[in-house]
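So the structure is just underneath, and the comments pick up after that.
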Amino acid sequence: MKNLLLLLTFLAIGFSGFAQKNGVISGKITDFDGNFSLPGATIKLNIGNKYTVSDQIGDFEFLNVPAGDYTVEVLYIGYQTLSQEVKVEEGKNVVINFKLSSGSENLSEVVVIGDRLKGQAKALNQQKNNRNITNVISSDQVGRFPDSNIGDALKRVPGITMQNDQGEARNIIVRGLAPTLNSVTINGDRIPSAEGDNRNVQMDLIPSDMISTIEVNKTLTPDMDGDAIGGSVNLITRATPNGERISATLSGGYNPIREKALHTGGFVYGNRYLNNKFGMVVSGSYNNNDYGSDNVEAAWVKDDFGNVYIEESDIRKYDVQRIRRSASLALDYKFNNNNTIFASAIYNWRDDRENRFKTSYTDIEAIYDDADRITGYNGTVVRETKGGIDNKRNKNRRLEDQRVQNYSLRGEHLLSPKLDLDWSMNYAKAREYRPSERYIEFEQEGVDMLEDLSNTKYPLIAAIGEDPDSFELGGLTQNTDETEESEFGAKLNIRFPFSIMPDQKGRIRTGLRVRLKDKMRNNTFFSYEPINGFETLADVPTSFFGGENFNPGVKYVPGMYASANFLGGLDLNNAGLFESEIDPSEFLAENYKAKENIFAGYVRWDQDLSTKLSMIVGFRIENTQIDYTGNRVLDEEELEGQITTSNSYTNVLPSVSFKYDANESLVLRAALTTALARPDYYALAPFVNNIASDSEIFAGNPNLDATLAYNADFMAENYFKSVGLVSAGVFYKRLNDFIYTYSDPAYTTEQFANDFPNQANPIPAGENWTFTQSRNGDKVDVYGFEVAIQRQLDFLPGKFLQGFGIYLNYTFTESKAFGISDEDGNPRADVSLPKTAPHTFNGSLFWENKRFSARISTNFTSDYLDELGSEAFEDSYYDKQLFVDANASYKITKNLRLFAEANNLTNQPLRYYQGISSRTKQLEYYQARYNFGIKLDF
-12 MKNLLLLLTF
-2 LAIGFSGFAQ
8 KNGVISGKIT
18 DFDGNFSLPG
28 ATIKLNIGNK
38 YTVSDQIGDF
48 EFLNVPAGDY
58 TVEVLYIGYQ
68 TLSQEVKVEE
78 GKNVVINFKL
88 SSGSENLSEV
98 VVIGDRLKGQ
108 AKALNQQKNN
118 RNITNVISSD
128 QVGRFPDSNI
138 GDALKRVPGI
148 TMQNDQGEAR
158 NIIVRGLAPT
168 LNSVTINGDR
178 IPSAEGDNRN
188 VQMDLIPSDM
198 ISTIEVNKTL
208 TPDMDGDAIG
218 GSVNLITRAT
228 PNGERISATL
238 SGGYNPIREK
248 ALHTGGFVYG
258 NRYLNNKFGM
268 VVSGSYNNND
278 YGSDNVEAAW
288 VKDDFGNVYI
298 EESDIRKYDV
308 QRIRRSASLA
318 LDYKFNNNNT
328 IFASAIYNWR
338 DDRENRFKTS
348 YTDIEAIYDD
358 ADRITGYNGT
368 VVRETKGGID
378 NKRNKNRRLE
388 DQRVQNYSLR
398 GEHLLSPKLD
408 LDWSMNYAKA
418 REYRPSERYI
428 EFEQEGVDML
438 EDLSNTKYPL
448 IAAIGEDPDS
458 FELGGLTQNT
468 DETEESEFGA
478 KLNIRFPFSI
488 MPDQKGRIRT
498 GLRVRLKDKM
508 RNNTFFSYEP
518 INGFETLADV
528 PTSFFGGENF
538 NPGVKYVPGM
548 YASANFLGGL
558 DLNNAGLFES
568 EIDPSEFLAE
578 NYKAKENIFA
588 GYVRWDQDLS
598 TKLSMIVGFR
608 IENTQIDYTG
618 NRVLDEEELE
628 GQITTSNSYT
638 NVLPSVSFKY
648 DANESLVLRA
658 ALTTALARPD
668 YYALAPFVNN
678 IASDSEIFAG
688 NPNLDATLAY
698 NADFMAENYF
708 KSVGLVSAGV
718 FYKRLNDFIY
728 TYSDPAYTTE
738 QFANDFPNQA
748 NPIPAGENWT
758 FTQSRNGDKV
768 DVYGFEVAIQ
778 RQLDFLPGKF
788 LQGFGIYLNY
798 TFTESKAFGI
808 SDEDGNPRAD
818 VSLPKTAPHT
828 FNGSLFWENK
838 RFSARISTNF
848 TSDYLDELGS
858 EAFEDSYYDK
868 QLFVDANASY
878 KITKNLRLFA
888 EANNLTNQPL
898 RYYQGISSRT
908 KQLEYYQARY
918 NFGIKLDF
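Residues in the sequence shown are numbered from -12 upward in steps of one, following my numbering.
So, in structure tokens, the structure goes:
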């Protein structure tokens, strides 16, 4: 790393000291009508193979141009080609700007493009001119779908699968690879995770209207962070405009499942000042969604005689309110043509308030006759209310306060006609805080039960003889959970021309990167016992929920619970009313601290081999240094001590990619790359939780290796002048040392002594315990293909039919995992990588004219393995899903538009199944959502 720093310093001094016999051409590409920047434009010089591409704010730059007269030409799909003459002087930066008009009288395919196609044009031009395999979505395109958060917008991208939480897309799966194998950035800066266990970034936390462009990088180049095996999603916020911009949105809607309203508002203001040297844009967003979900769950078991039945079942009613607030600011200051600095900030804050009313049929044991046939069941019925303290923040509900913020400062500097330098610094923080979360439960033991398993997709447990007077207080608790992750990042890059082929473009980029990360989880948990008062469910204020309108079916009756207001109003800190006791079993093993420092450097060489073929070759070196502290816990409650571990490892990640411009429309791409995925934080924490009462041990694994992947990709893309695309590609990934959850139900004292030689052995000789730990598997092969088409059907006869357009994509993914053993230690065959969906499909049919637009969209994901169990019977699967959404808008004036949106018209449930598709593990419904609003743009 030190040698790379010395090389950077030498190159910077050397190139900046060269005699400035050449000059620089720079400028900006904007739309003639709207004055907004046009990224991804191709800018050509009339000598040799000299070209460049405009960046995210429309800026471009030619380095090392010999003095003389030139013609500069700009090409942009959906816009007229434009050219200007320019004179380059030695040692000077000549600025030339272009304002492009949409459409062209010379193109038979299109004359004028509307607002929707302008947004699509920006995305497709960037995608076409990117050097790696990407998918790009502009904010205009996102706005054409009824997606309120970034997660829902991302599910429209080829190869993207989203896992939902409370009806909203949260966790991103790219080409069948789990969220922990992908990365998410804002303006190139990493977003930390507010999740306690893992590295997942909650995609439902960020409103879609706060993002200008979504860029999904499916192959990496050496200048990108290397920990993104599936892909890297870059969320680009609004840049400062080229003139005054005002935008506002106001909408209201309806959630049928709880017959509650939803409200949304947003604004944007931007302008330039000080003779256009200083630019600013500020934006904000607010969304208040009051809804809920209806849920049933079941855990299945197989006895020694081959009988399959349910050992635990839940009926759950959720009341949820989610309030998203987001604010962002972007500034830039142009000192001169050679030096510009940028500053940006974004703050996302979501309050998730929840009440859950849960009836559990648990500890179910089968009753057998003399022939070992099941004749009945007996178990415990538990009625639990989940809520929070009665104050202005919790409002008698569980409050999950999640915040993600990022602040960055960067600069771009032209040091000489042959040398560019850019740098950046950022600080990001994510926090999840759950204060004063409360639970109260009443239970009736020894209850006879009936199991109706005639339809295992909708199994039903019925208890005989339930009585509120027989439900005794089983628990009253309050916990406060806190997870926090912060990251400081810095980058330094230089770029200079370097070509080994005459008349062909070539350049080298090299740079350094540092990421300093801290993560901790600090939970507390207290149990309470009332001194006098309520002993049974009949003694407290209650709420009753019948089966009417319960989405899984009227046969599921949630029943009677302690009311949320009663739970929230309890004065638990009053020693005259309650005895309190801290309960370490609920948090000691979960708390940990982690430090992770990453130091990286790279060299990237871009070389055009001909006017059609270009190449990127290079490598990246990443050194990871980790320090983790976890707890050793005896029987869940006794802290025996802390365990601290340190580790350091270095990865070298080479890559090569090619781009072939077969003609003006057809682009072929190929890439061989490497990438890594670091283990989840909690999986690395060196905790050991010995639960003697249950004969169980849960342990972290600080010796986990990072997963290393070798990737091969090929993509063909054909772009239409009418602003469209058809593409097809294949991919293959070999993952070594992938991570899975290992479970051994026959874990012995000898095995513990071997795995933990320096720790007291809790397992008595001759006993078998259950041991659970994350471990490295051998390898996984992931492969598949994807196809996509988006096109205005302007070749059809008549203006009405020409108003139709389509947006379609399909991805097939297959995987095979090796090195996974069952509970008996035998290798499991035909096991796929968890979270690999074989089939995903997106379809959208739209119609648009100058005033009105309408769209109906579908999103389909086939079922897939979600989590491996100790054997195939225990495997958990995420069931197939089909969502149908619709939206329409009408432009009243040039600046004013009305819109209407409808989500989840099919009332698609979230469903998991255990082992086989007919065996429901979880079934949760949300119903449709409707929204109506007005949008103002100047």
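Just so it is clear, CB atoms sit at the ideal spot from N, CA and C, and this is done for glycine as well. Please read these numbers as outputs of a predicted model, since none were measured by experiment.
Excluding five sequence neighbours on each side, which residues of the same chain lie with their C-beta closer than 8 Å to the C-beta of residue i?
i      : result
Ala525 : Pro455, Asp456, Phe458
Ile518 : Gly563, Leu564, Phe565, Glu566
So residue i is in the alpha helix (DSSP H); what residue range does that whole segment cover?
i      : result
Ile137 : 137 to 141
Ala740 : 736 to 742
Quick check on the DSSP output: the beta strand (DSSP E) that includes residue i runs from which residue to which?
i      : result
Asn928 : In this structure the chain extends from -12 to 925, so residue 928 is not present and cannot be described.
Gln777 : 766 to 779
Leu722 : 711 to 723
Ala657 : 653 to 664
Asn365 : 361 to 375
Ala551 : Looking at the DSSP string, Ala551 is not in any beta strand (DSSP E); the run it does join, the alpha helix (DSSP H), is 551 to 556.
Lys566 : Here residue 566 turns out to be Glu, not Lys, going by the sequence shown. That run of the beta strand (DSSP E) goes 565 to 569.
Val268 : 265 to 289
Tyr63  : Here Tyr63 belongs to no beta strand (DSSP E), and DSSP marks it neither H nor E.
Leu316 : 295 to 323
Arg343 : 326 to 355
Asn151 : 147 to 152
Phe537 : Counting along the chain, Phe537 falls outside any beta strand (DSSP E), and DSSP gives it neither H nor E.
Asp170 : Here residue 170 is Ser; the residue named in the question, Asp, does not match the sequence. 170 to 173 is the span of the beta strand (DSSP E), which, as asked, contains Ser170.
Thr39  : 38 to 40
Ser486 : Unbroken run through Ser486: none, as it is neither H nor E.
Thr29  : 29 to 32
Tell me, which residues are paired with residue i by DSSP?
i      : result
Thr477 : Checking the displayed sequence, the identity of residue 477 turns out to be Ala instead of Thr. Paired residues: Met412, Val501.
Leu596 : In DSSP, Leu596 forms no bridge with anything.
Asn204 : Thr121, Ser219
Leu671 : Looking at the DSSP assignment, Leu671 forms no beta bridge with any residue, so it has no partner.
Gly45  : Answer by DSSP bridge pairing: none, since Gly45 is not bridged.
Asn638 : Glu609
Leu237 : Gly252, Ile921
Phe847 : Phe828, Leu869
Glu573 : BP columns for Glu573 are empty, so no partner.
Phe758 : Ile684, Asp731
Ser395 : Ser331, Asn413
Met507 : Glu471, Lys580
Can you give me the Cβ contacts of residue i inside the same chain, cut-off strictly under 6 Å, excluding the 5 residues immediately before and after it?
i      : result
Asn796 : Pro145, Ala775, Asn829
Ser234 : Val255, Asp924
Gly350 : Checking the sequence, you will find Asp at residue 350 rather than Gly. Counting only Cβ-Cβ distances below 6 Å, and skipping sequence neighbours, we find Gly366, Thr367.
Ile30  : Thr39, Phe47, Val61
Gly183 : Thr470, Arg508
Ala696 : Ile216, Ala662, Lys720, Leu722
Phe427 : Before going on, a small fix: residue 427 reads as Ile here, not Phe. Around Ile427: Thr372, Leu463, Ala549, Leu554.
Gln909 : Glu284, Tyr899
Phe750 : First, the amino acid is wrong: residue 750 is Ile here, not Phe. Same-chain partners within the cutoff: Thr736, Phe739, Trp756.
Asn846 : Lys142, Asn829, Phe870
Please report the Cβ distance between residue i and residue j, rounded to the nearest whole angstrom; I am assuming they are in contact, meaning their Cβ atoms lie under 8 Å.
i      : j      : result
Leu855 : Tyr864 : Incorrect: roughly 11 Å between the Cβ atoms, too far for contact.
Gln392 : Ala181 : Not a contact, Cβ separation roughly 11 Å.
Phe860 : Lys289 : 6 Å
Gly374 : Arg425 : 5 Å
Leu87  : Ile16  : 7 Å
Phe483 : Arg494 : 7 Å
Ser280 : Glu911 : 5 Å
Gly617 : Gly687 : 6 Å
Leu406 : Ile333 : Between Ile333 and Leu406 the Cβ distance is about 31 Å, and since that is not below 8 Å, they are no contact.
Just to check, is the beta-carbon of residue i closer than 8 Å to a non-hydrogen atom of the ligand NAP?
i      : result
Asn638 : Looking at this structure, you won't find the ligand NAP or any other ligand, since it has none at all.
For residue i, which residues in the same chain have their Cβ closer than 7 Å to its Cβ, ignoring the five residues on either side in sequence?
i      : result
Leu237 : Gly252, Gly920, Ile921
Arg607 : Pro209, Gly213, Ala587, Tyr589, Leu640
Segments of 3+ residues assigned as beta strand (DSSP E) that fall wholly inside the segment 859 to 923: 863 to 865, 868 to 878, 883 to 890, 897 to 901, 907 to 912
query: Which parts of the segment 411 to 480 are runs of the beta strand (DSSP E), unbroken and 3 residues or longer, counting only runs that do not cross its ends?
result: 447 to 451
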